[in-house]
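So the structure is just underneath, and the comments pick up after that.
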Amino acid sequence: MDWQYFWELFFGGLTRGSIYALIALGYTMVYGIIELINFAHGEVYMMGAFTALIVAGALGIYGFPALAILIIAAAVAVIYCAAYGLTLEKIAYKPLRDAPRLSPLISAIGMSIFLQNYVILAQTSDFMPFPNLVPQPEFLEPIAHIMGASEVLIIVTSAVSMAALTLFIKYTRMGKAMRATAQNRKMAMLLGIDADKVISLTFVIGSSLAAVGGVLIASHVGQVNFAIGFIAGIKAFTAAVLGGIGSIPGAMLGGLVLGWCESFATGYISSDYEDALAFALLVLILIFRPSGILGKAKTQKV
Amino acid sequence: MRKGWFKGLVAGLAVAVMACPAFAADTIKFGVAGAHSGDLASYGLPTVNAAKLVAKMVNAKGGVLGKQVEVIPQDDQCKPELATNAATKLVSDGANVVLGHICSGATKAALPIYKEANVVLMSPSATNPALTQSGDYPNFFRTIASDDQQAKLGVDFTIDKLGKKKIAVLHDKGDYGKGYAEYAKQFIEQGGKGTVVLFEGVTPGAVDYSAVVQKIRNSGAEAVMFGGYHPEASKIVQQLRKKRMDLPFVSDDGVKDDTFIKVAGKDAEGVYASSSKDVSALPLYKEAIEAHVKEFGAEPGAFYKEAYAASLALLNAIEKAGSTDSAKIMNALRTEFVETSVGKIKFDKRGDAEGVGFSMYQVKNGKYVELK
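Top to bottom, those sequences are chains A and B.
Each step along the first sequence adds one to the number in full-length UniProt numbering, with nothing skipped, and position 294 is 294.
Each step along the second sequence adds one to the number in full-length UniProt numbering, with nothing skipped, and position 165 is 165.
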C-alpha cells in the first residue's frame with residue numbers, strides 16, 4: 001500500500017467533500033423546515049461567486065490586498081445572496097406553501113432556470129477567470145503538493161460553519177423555534193412561533209452559506225460561469241440525501257463520504273467511473289438506510 | 001393506358017439524359033456534392049461558393065484545356081443514403097471531377113460509386129482517417145488534415161521535441177476529446193519510443209480535479225496530453241500548478257482558444273496546443289476571402305478555404321494532365337505542386353494533402369505563438 005498516495009487522495013477527497021458539504025447544508029436546512037428541495041440553491045451559490053467576482057474586480061483596481069478583497073467580497077456576496085434567498089422564498093415558495101408538494105418543486109426548478117438565464121443576460125455566458133483571493137502563506141509550502149491555502153480554508157470554513165450552525169440550533173431561542181417548526185409547523189404556530197420568520201431565516205442562512213461556498217470554491221478552481229451551480233447543486237443534493245436530508249451533521253458527513261468516494265474511485269479505479277461509483281454508493285446506502293446515514297426514519301401519518 | 005404513357009415518358013427522359021453528355025462535351029463538368037440544404041447546409045454551401053468563384057475566375061482566363069468549367073451542385077444533406085443518390089447522379093451527368101462530399105459518413109457511402117466510375121473525388125472537410133488510410137480508394141483526395149493528424153503532431157512533439165517518454169493521456173469523455181486521446185495513445189504505443197503511463201477520462205464540469213492530478217503525479221508522468229476543450233483544460237492546468245507540478249501540458253484545437261488564456265491566467269504560460277496552420281498571410285488566402293466578400297457580400301463560412309484550395313488543385317490537375325482522364329488527373333495531383341489558399345500543396349500516395357495540417361502553438365506572454 002502506497003500511503004503517500006493514499007493521503008494525497010484522502011485530502012483531495014476531504015476538500016471536495018467539504019465543498020459539497022458547504023452547499024449541502026443549505027439544501028438540508030430548507031428540507032428540514034418545509035420539506036422542499038430548493039433546486040435553485042445551486043444558482044444562489046453561482047450568484048455568490050459572480051457577486052464576489054464583480055466586487056473583487058472593482059476592489060482589485062484600487063489595489064487592495066488579496067485578503068481584504070476576499071473578506072469584503074465574501075461579505076458583499078453573503079449580503080446579496082441572503083437577499084436573493086429571502087426574495088426567492090417570498091416570490092416562489094411562500095405563495096405555494098399550502099399547495100400540493102409538487103408545485104413548489106416545479107417553482108424551484110423554474111427559479112433555477114430563471115436565475116441561470118438572468119446571469120447569462122445580465123453578465124455573460126462565457127467562462128470568466130476568478131482571481132485567486134487566498135494568499136499562500138510560507139508555512140503551507142511544504143504540503144502544497146497535497147493541499148494549498150484555499151483548500152485548507154474550505155475545509156476549515158465548512159467545519160466552523162457546521163459547528164456554529166449546530167450550536168445555533170441547539171442553544172438559541174431562534175434555533176429552538178426552528179426545531180419546533182421543523183417538527184410540527186401548525187403546533188409551533190399555535191404556540192406563538194412566527195413560522196414565516198423562521199422559514200425566511202432558514203433561507204437567509206442557507207443562502208449565506210452557499211455564497212461563502214461560491215466565493216471559496218470559485219477562488220479555488222479559478223473560474224466561474226453561469227452553469228457551475230448546476231453540477232455543484234446536484235452533487236450537494238446527493239450528499240444531503242446520502243447523509244440523511246434534514247440532518248445538519250448528515251449533510252456534512254454525506255458531503256465527505258461522497259468526496260472521498262469520488263476521490264478514491266478516481267485514484268484507485270478510474271475517473272471514467274467517478275460518477276458511476278458515487279451514485280452506486282448512494283443507491284447502496286439508500287437500500288439499507290432509506291433515510292440516509294444519519295437521517296431519522298419517519299413514519300408518514302396518513 | 002396511363003401506365004404506358006408514363007413508361008414512354010421515362011424512356012424518353014432516359015434517352016435524353018444519356019444523350020446529354022454528347023451535346024455538352026465542350027465543358028469541363030465540375031461536380032460539387034455536399035450538404036446544400038438541411039441542418040448541416042452551413043458546412044456545405046461555402047464549398048459551392050468556392051467552386052463557383054474558382055470556376056468563374058478560371059473561365060475568365062480562358063477555362064481549362066480551352067473549355068469552360070461548369071459547376072454542377074448535388075445536395076446530399078450529409079446523409080449517407082442521399083449521398084449515394086447524389087454520386088450516381090453526378091456520375092451519370094458525366095462529371096469529370098467532383099468536389100465533396102462534406103461529411104465523413106456521406107463521403108464514405110458515396111466513394112464506392114465514384115471508384116466504380118473512376119471519377120476523382122476531393123473533399124474539403126471529411127476528416128475520418130480511414131477514408132485515405134484504408135487504401136481502398138485511390139481516387140479519393142482531401143485538402144483537410146485527418147482527425148488523427150493532431151494527435152500525431154502532439155505525440156511527435158512531446159516525445160521528439162520535448163524529450164518526454166512517460167506520458168499521461170487525459171480526455172473529457174466527449175467524442176472529440178476522446179478521439180484525440182485514443183489516437184494519441186495508439187501513436188505512442190506504435191512508435192515504441194514512449195509509454196502511456198495513464199489513460200483517463202475526466203468528468204466535465206466537476207468542481208475539482210485534485211484526485212486526477214494526484215493520479216498523474218503518482219503515475220510518474222513526464223508530460224500530460226489532453227483531448228478536450230478549454231474549460232476542463234484550464235482547471236486541470238491550474239490544479240497541476242497549484243499542486244506544484246510543472247510538467248508540460250500538450251493539448252488540441254479545443255484548447256487553442258483565447259478564452260483558455262483568459263481563464264487560466266498566468267498558469268496558461270508555456271501550455272502547448274495544436275491547431276490548423278496559420279494561413280492568413282498567404283496571398284491566395286486573402287484573394288479567396290476578398291473574392292467571396294465581393295461576390296456574396298459576406299465573410300465565407302466553414303471549410304471555404306479548403307474548398308477553394310481543392311477547386312484550384314482539381315482544375316490545375318486537369319490542365320497539367322492535359323486531359324480529363326482520371327488516371328492522368330490523379331497522377332498530376334500526386335506529382336505537381338500547386339499554390340492554393342491553404343499553401344503550396346501536393347497529395348501523397350494515400351490522397352492526403354502534404355503541407356496541410358496542424359502546427360503546434362505555445363502560450364507566451366499571454367498569447368498563442370506558432371512554433372516553427
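For glycine and all other residues, C-beta sits at the position ideal for the given N, C-alpha and C.
Predicted model, so just to flag it, every value in this text is computed and none were measured.
Bounding residues of the alpha helix (DSSP H) (the contiguous stretch that carries Glu-81(B)) | Where Glu-81(B) is concerned, the enclosing alpha helix (DSSP H) stretches over 80 to 92.
Which value, in whole angstroms, describes the spacing of the CA atoms of Lys-344(B) and Phe-303(B)?
-> 17 angstroms
Within 8 angstroms, strictly: CB atoms of Gly-267(A) and Ser-18(A) = no
Name the DSSP bridge partner or partners of Thr-27(B)?
-> Gln-68(B)
Segments assigned alpha helix (DSSP H), at least 4 residues, entirely inside the segment 219 to 266 of chain B | 230 to 242, 258 to 264
Of all the options Tyr-180(B), Lys-173(B), Asp-156(B), which has the alpha carbon lying nearest to the alpha carbon of Asp-148(B)?
-> Tyr-180(B)
Chain B contact for Glu-8(A) (CB, 8 angstroms cutoff) | yes
Under 8 angstroms between the Cβ atoms of Ile-236(B) and Gly-191(B)?
-> no
Under 8 angstroms between C-beta atoms of Met-111(A) and Ala-83(A) = Taking 8 angstroms as the Cβ cut-off, Met-111(A) and Ala-83(A) do not qualify as a contacting pair.
Indicate whether at least one CB of chain B lies closer than 8 angstroms to the CB of Gln-123(A).
-> no
If you count every other CB in all the chains shown that lies within 10 Å of the CB of Ser-42(B), and 16 or more means buried, which is it?
-> By the 10 Å Cβ count, Ser-42(B) comes out exposed.
Given Ser-146(B), which residues of its chain have a CB within under 6 angstroms of its CB, disregarding the five upstream and five downstream residues?
-> Thr-127, Pro-129
Once you ignore the five residues that flank Gln-74(B) on each side, which residues in its own chain have a CB closer than 6 angstroms to its CB?
-> Ala-33, Ala-86, Lys-89, Leu-90
Taking C-beta pairs closer than 8 angstroms, name the residues in chain D that Val-363(B) reaches, listed in chain order.
-> Of the protein chains in this structure, namely A and B, none is chain D.
Give a yes or no on whether the C-beta atoms belonging to Gly-292(A) and Ile-228(A) are separated by under 8 angstroms.
-> No. Outside cutoff.
Roughly how many whole angstroms lie between the Cα atoms of Ser-92(B) and Ile-72(B)?
-> 12 angstroms
Please confirm whether Phe-50(A) and Val-263(B) have their CB atoms less than 8 angstroms apart.
-> no
Could you pull the start and end residues of the alpha helix (DSSP H) that Val-78(A) belongs to?
-> 66 to 88
Closer than 7 angstroms by beta-carbon distance: list the chain B residues that pair up with Ala-240(A), in chain order.
-> Per Cβ cutoff of 7 angstroms: no residues; Ala-240(A) is ~15 angstroms from chain B at best.
What residues in its chain sit with their C-beta under 6 angstroms from that of Gly-243(A), if we drop five residues either side in the sequence?
-> Counting only Cβ-Cβ distances below 6 angstroms, and skipping sequence neighbours, we find Gly-250, Ala-251, Leu-253, Gly-254, Gly-292, Ile-293, Leu-294.
Please report how far the alpha carbon of Lys-178(B) lies from the alpha carbon of Gln-150(B), in whole angstroms.
-> 13 angstroms
Pull up the CB-CB distance for Gly-259(A) and Arg-16(A), whole angstroms please, since I reckon it's below 8 angstroms.
-> For a cut-off of 8 angstroms, the C-beta gap from Gly-259(A) to Arg-16(A) is around 4 angstroms, short enough to register as a contact.
Alpha-carbon to alpha-carbon, Arg-101(A) and Ala-182(A) | 16 angstroms
Could one say the Cβ of Asp-196(A) lies closer than 8 angstroms to chain B's Cβ atoms, at least one of them?
-> no
Could you tell me whether the Cβ of Pro-21(B) comes closer than 8 angstroms to any Cβ of chain A?
-> Bear in mind that the predicted position of Pro-21(B) carries a pLDDT of just 45, short of 50, making it too unreliable to give a figure here.
Taking Val-169(B) as the reference, give the member of Ile-113(B), Leu-121(B), Ile-318(B), Gly-220(B) with the closest Cα.
-> Gly-220(B)
Measuring only between beta-carbons, confirm whether Ala-206(B) sits less than 8 angstroms from chain A.
-> True, the Cβ-Cβ gap to chain A drops below 8 angstroms.
Status (buried if at least 16 other CB within 10 Å, exposed otherwise) for Arg-244(B) | exposed
Is it right to say Asp-352(B) is buried, meaning 16 or more other beta carbons lie within 10 angstroms of its own, or is it exposed?
-> buried
Put Ser-275(B) into one of helix, strand or coil per three-state DSSP.
-> strand
If you run the structure through DSSP and keep just helix, strand and coil, what is Ile-167(B)?
-> Of the three classes helix, strand and coil, the one that applies to Ile-167(B) here is strand, per DSSP.
Residues from the segment 274 to 294 of chain A in contact with chain B, defined by Cβ distance under 8 angstroms | Glu-274, Asp-275
To which residues does DSSP link Arg-142(B) through a beta bridge?
-> Looking at the DSSP assignment, Arg-142(B) forms a beta bridge with Ser-123(B), Asp-352(B).
Which partner residues does Val-160(A) have in the DSSP bridge list?
-> DSSP lists no partner for Val-160(A).
8 angstroms Cβ cut-off: residues of chain A touching Lys-166(B) = Result: empty, since nearest Cβ-Cβ is about 17 angstroms, beyond 8 angstroms.
Straight-line gap, Ala-273(B) to Pro-204(B) (C-alpha atoms, nearest Å) | 19 angstroms
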